[in-house]
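The working numbering runs 592 ahead of the 1-based position in the sequence shown. Worksheet: one structure, shown below.
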Amino acid sequence: MSLQQQLTEIVSDAFEAEGVDRSYGEVVVSQRPELADYQCNGALAAAKSVGRSPREIAEGVAGRIDASAVIAGVEIAGPGFLNITVNITHLATSLGAMHRDERLGVDQVDDDRTIVVDYGGPNMSKALHVGHLRSAVIGESLKRIFKFLGYKTIGDIHIGDWGLPVGQLIVELEDRDPGLVYFDPEYDVAADGPYPTESPVTLDDLSEMYPVITQRCADDPEVAERARRATFDLQNGRAGYLAVWKHFHDVSVSGQRKDFAALDVEFDVWYGESTVHDRLEPMVRDLLGSGVARESEGAIVIDVAEPDDAKEFPPLLLTRSDGSYLYSTTDLATIDMRVSEMEMGAGLYVVDARQSLHFDQVFRAARKAGYAPEGVLLEHIGFGTVNGKDGKPFKTREGGVLRLGDLISLITEGARKRLDDAHIAADYPDEERSEIARQVGLAALKFGDLSNHRMSNYVFDIDRFSAFEGKTGPYLQYSAVRIKSILRKASDAGISAGPFIAPSVDQERALMLRLVRVQEIVYRAATLRAPNVIAEYAYEVATDFSRFYEHCHILREKDGARQASWLSLVEVTLASQTVLLDLLGIEIPERM
Ligand code: ARG
593 MSLQQQLTEI VSDAFEAEGV DRSYGEVVVS QRPELADYQC NGALAAAKSV
643 GRSPREIAEG VAGRIDASAV IAGVEIAGPG FLNITVNITH LATSLGAMHR
693 DERLGVDQVD DDRTIVVDYG GPNMSKALHV GHLRSAVIGE SLKRIFKFLG
743 YKTIGDIHIG DWGLPVGQLI VELEDRDPGL VYFDPEYDVA ADGPYPTESP
793 VTLDDLSEMY PVITQRCADD PEVAERARRA TFDLQNGRAG YLAVWKHFHD
843 VSVSGQRKDF AALDVEFDVW YGESTVHDRL EPMVRDLLGS GVARESEGAI
893 VIDVAEPDDA KEFPPLLLTR SDGSYLYSTT DLATIDMRVS EMEMGAGLYV
943 VDARQSLHFD QVFRAARKAG YAPEGVLLEH IGFGTVNGKD GKPFKTREGG
993 VLRLGDLISL ITEGARKRLD DAHIAADYPD EERSEIARQV GLAALKFGDL
1043 SNHRMSNYVF DIDRFSAFEG KTGPYLQYSA VRIKSILRKA SDAGISAGPF
1093 IAPSVDQERA LMLRLVRVQE IVYRAATLRA PNVIAEYAYE VATDFSRFYE
1143 HCHILREKDG ARQASWLSLV EVTLASQTVL LDLLGIEIPE RM
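Below, the structure is given as structure tokens:
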């Protein structure tokens, strides 16, 4: 249990004994650390409902809280705030427990559900660009957070590889190179392959073709119609199309694997929309048979509107009138597959906030169809856009979208330059310097994203993200590396860590109070699906540490017990930052 929970329990008991609902006993960190460690504002909130003055309630509650192993004292401030001071011995004991435990004393959940995190989600044939960054970075962090808390997690990339874009690319390729054997229907029928093993296109070709064909479809209804037909034929097993699809798929995936690996983003499974293609036809048939789905102007739909909806909920489309399947069809079938084959207990979809209607529709349909029983949680974890300094979605100076690979090189070079300018790691071997630059670049990129609440849009500003001062990834890395070097120096001087004793200096006490909150913070980040809670906290740990280190000269301290306790505090700080940054997907270099 976190300290905040322990305090909440004690104060809630006191509210209850006072005849006030215990929910008013919620304790939070004090907004005035100079006055108290924690506070409870419940008396003010409760006053109306119990018809007593806040001050009177606060006095009653405070009178029922004895000084204990956990609480040193309670004071009433202003109209009825309860100011709580933590027992210093308890603080020292809690830190001792964190020090001995590689999980930092963070409880594991008592919940054996499997959480499927659906993130990344690139469409086939697309080289990754900056637009793919948020889903990858936020999804990876959430997956790590839930895993750390003890859930079984499966990260699934869910590639967009079975919809209209594939049909469009087939048409584009056919128009460019009609002689290819994949397009010869006679050959399909006659030989059913075999088809060439060499791909007729590279990923660069596909990325170039994609905008061309989408424009052609927009301009010419006939081309659009051919693309729909090609999609239908592919989905219905036309051998030549399947063979060319396989090439598209393989060249895309090999490029995307490299890009995600460069981001240190790892998926457990590389499934896609096409993974469920065998399920689509029987699924639609069953849903029609059971009356969950119905026909509508040649299409097949599921009604998902509910009587008290505040906004309009159009039906979910299962098939177009030409019989082809859509994004919604594969998402629905995927839920069925995940629940029945992957034992999904919760599905978290880390996808652009603009897709919220789609997910509302799909989730409702999944309940109606019985694919996701009540107990299975389905959640769209939306996020805002990455903007340029002009406030519009981020583009390169030439107005194009920045490829993820290029972005990573850019930010790595930037990091390298910063290191040079600051004379950091100047005399290290070149290979090590490159590795540090890579780690620093990724930290800049990820922290620049994760330090914002996911629903906010943010401005992509490489210079700001890669600074070594301020709330940035590189600052946090640098601060952690400095701690490592302090520990090395201490070890060289023969100083070793020892039991925590009561803090003697304010800055020390502040750091201790900060560090005992790790459990509270990680759980809050999980509950809110908000890695920025961890980012913010890690930054506060770093600033509290630097204040502590400025005041407490560990290596020169004469009192051996104090010195040993301080060294333990340094170790817990490093252990916490290591865990927290890892939950954000950020590595700490050994030295820099
Ligand atoms: N491929 C989709 C897109 O580019 C994102 C996929 C998100 N996941 C999902 N299960 N729909 O918009």
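Where is the CB? At the ideal position from N, CA and C, for every residue including glycine.
Residues of its chain near residue i, where Cβ-Cβ distance is below 7 Å and the 5 sequence neighbours each way are ignored
{"i": "Glu817", "result": "none"}
{"i": "Arg808", "result": "Val815"}
{"i": "Asp923", "result": "Val954"}
{"i": "Gly883", "result": "none"}
{"i": "Ser1138", "result": "Ser1071"}
{"i": "Gly847", "result": "Ala719, Leu795"}
{"i": "Ala684", "result": "Phe1092, Ile1093, Ala1094"}
{"i": "Thr1155", "result": "The residue asked about is misnamed: residue 1155 is Gln in this sequence, not Thr. Here the set comprises Ile1087, Ile1146, Glu1149."}
{"i": "Glu966", "result": "none"}
{"i": "Pro1181", "result": "Ile1028, Gln1031, Gln1069, Val1073"}
beta-carbon residue i near the ligand ARG non-hydrogen atom, thresh 8 Å
{"i": "Thr977", "result": "no"}
{"i": "Ile973", "result": "no"}
{"i": "Gln1111", "result": "no"}
{"i": "Pro714", "result": "yes"}
{"i": "Thr926", "result": "yes"}
{"i": "Ile730", "result": "no"}
{"i": "Ile663", "result": "no"}
{"i": "Tyr963", "result": "no"}
{"i": "Asp769", "result": "no"}
{"i": "Asp796", "result": "no"}
{"i": "Asp944", "result": "yes"}
{"i": "Tyr941", "result": "yes"}
{"i": "Gln596", "result": "no"}
{"i": "Asp952", "result": "no"}
{"i": "Asp923", "result": "yes"}
{"i": "Ile751", "result": "yes"}
{"i": "Gln760", "result": "no"}
{"i": "Tyr802", "result": "no"}
{"i": "Asp710", "result": "yes"}
{"i": "Gln947", "result": "yes"}
{"i": "Tyr919", "result": "yes"}
Nearest residue (CA-CA) to residue i, options the options
{"i": "Ser630", "options": "His691, Thr600, Arg656", "result": "Note on identity: in this sequence residue 630 is Tyr, with Ser being the wrong assignment. Nearest of His691, Thr600, Arg656 to Tyr630, Cα basis: Thr600."}
{"i": "Glu971", "options": "Lys739, Asp693, Gln597, Gly939", "result": "Gly939"}
{"i": "His724", "options": "Leu855, Ile676, Val1171", "result": "Leu855"}
{"i": "Leu798", "options": "Ile762, Ala819, Ala782", "result": "Ile762"}
{"i": "Gly1177", "options": "Ser913, Phe740, Pro899, Ala1156", "result": "Phe740"}
{"i": "Lys1130", "options": "Gly1062, Glu651, Arg614, Asp900", "result": "Before going on, a small fix: residue 1130 reads as Ala here, not Lys. Comparing Cα positions, the closest option is Gly1062."}
{"i": "Ser916", "options": "Leu1079, Leu756, Glu1132", "result": "Leu756"}
{"i": "Met593", "options": "Arg830, Ile1113, Met936, Gly974", "result": "Ile1113"}
{"i": "Gln1111", "options": "Leu1175, Lys1150, Asp1055", "result": "Leu1175"}
{"i": "Phe1052", "options": "Val978, Met1184, Ala819, Trp754", "result": "Val978"}
{"i": "Glu935", "options": "Gly688, Val968, Gly1006", "result": "Val968"}
{"i": "Leu1034", "options": "Pro874, Asp1055, Gly1065", "result": "Gly1065"}
{"i": "Gly670", "options": "Thr789, Leu1042, Arg624", "result": "Arg624"}
{"i": "Ala576", "options": "Ile927, Val942, Lys981, Thr988", "result": "Coverage of the chain is limited to positions 593 through 1184, which leaves residue 576 absent and any answer about it impossible."}
{"i": "Ala1007", "options": "Pro813, Met1184, Gln700, Gln760", "result": "Met1184"}
{"i": "Val993", "options": "Ala689, Val722, Gly611, Gly665", "result": "Val722"}
Own chain partners of residue i with C-beta closer than 6 Å, once the 5 adjacent residues on each side are dropped
{"i": "Asp702", "result": "none"}
{"i": "Ala1134", "result": "Leu1068, Ser1071"}
{"i": "Asp851", "result": "Leu720, Leu996, Gly997"}
{"i": "Gly1040", "result": "Phe1057"}
{"i": "Val603", "result": "Gly617, Val619, Cys632"}
{"i": "Ser866", "result": "Asp753, Trp754"}
Residues of its chain near residue i, where Cβ-Cβ distance is below 8 Å and the 5 sequence neighbours each way are ignored
{"i": "Ser920", "result": "Leu908, Leu909, Leu910, His950, Gln953, Val954, Ala957"}
{"i": "Val620", "result": "Gln596, Tyr630, Gln631, Cys632, Asn633"}
Strand pairing of residue i, partner residues [DSSP]
{"i": "Ile894", "result": "Ala885, Leu908"}
{"i": "Ala938", "result": "Ile707, Leu969"}
{"i": "Tyr917", "result": "Thr911"}
{"i": "Val620", "result": "Gln631"}
{"i": "Val1051", "result": "Asn979"}
Cβ of residue i within 9 Å of any chain C Cβ
{"i": "Ala961", "result": "In summary, chain C is missing from the structure at hand, where a single protein chain is found."}
Start-end ranges of the beta strand (DSSP E) lying completely within the segment 741-800, minimum 3 residues: Counting whole runs of 3 or more residues, the segment 741-800 contains the beta strand (DSSP E) stretches 744-748.
Runs of alpha helix (DSSP H) lying entirely within the segment 649-727, each at least 4 residues, in chain order: List check, alpha helix (DSSP H) in window: 680-692.
Unbroken stretches of the alpha helix (DSSP H), 4 residues or longer, contained in the segment 958-1021: The segment 958-1021 contains these whole alpha helix (DSSP H) runs: 996-1013.
Completely contained alpha helix (DSSP H) runs for the segment 799-867, where each covers 4 or more residues: Uninterrupted alpha helix (DSSP H) stretches at least 4 residues long and entirely within the segment 799-867 occur at 813-827, 831-854, given in chain order.
Secondary structure, alpha helix (DSSP H): runs of 4+ residues fully inside the segment 1073-1124: Entirely contained in the segment 1073-1124, the alpha helix (DSSP H) runs reaching 4 residues are, in chain order, 1098-1107, 1110-1120.
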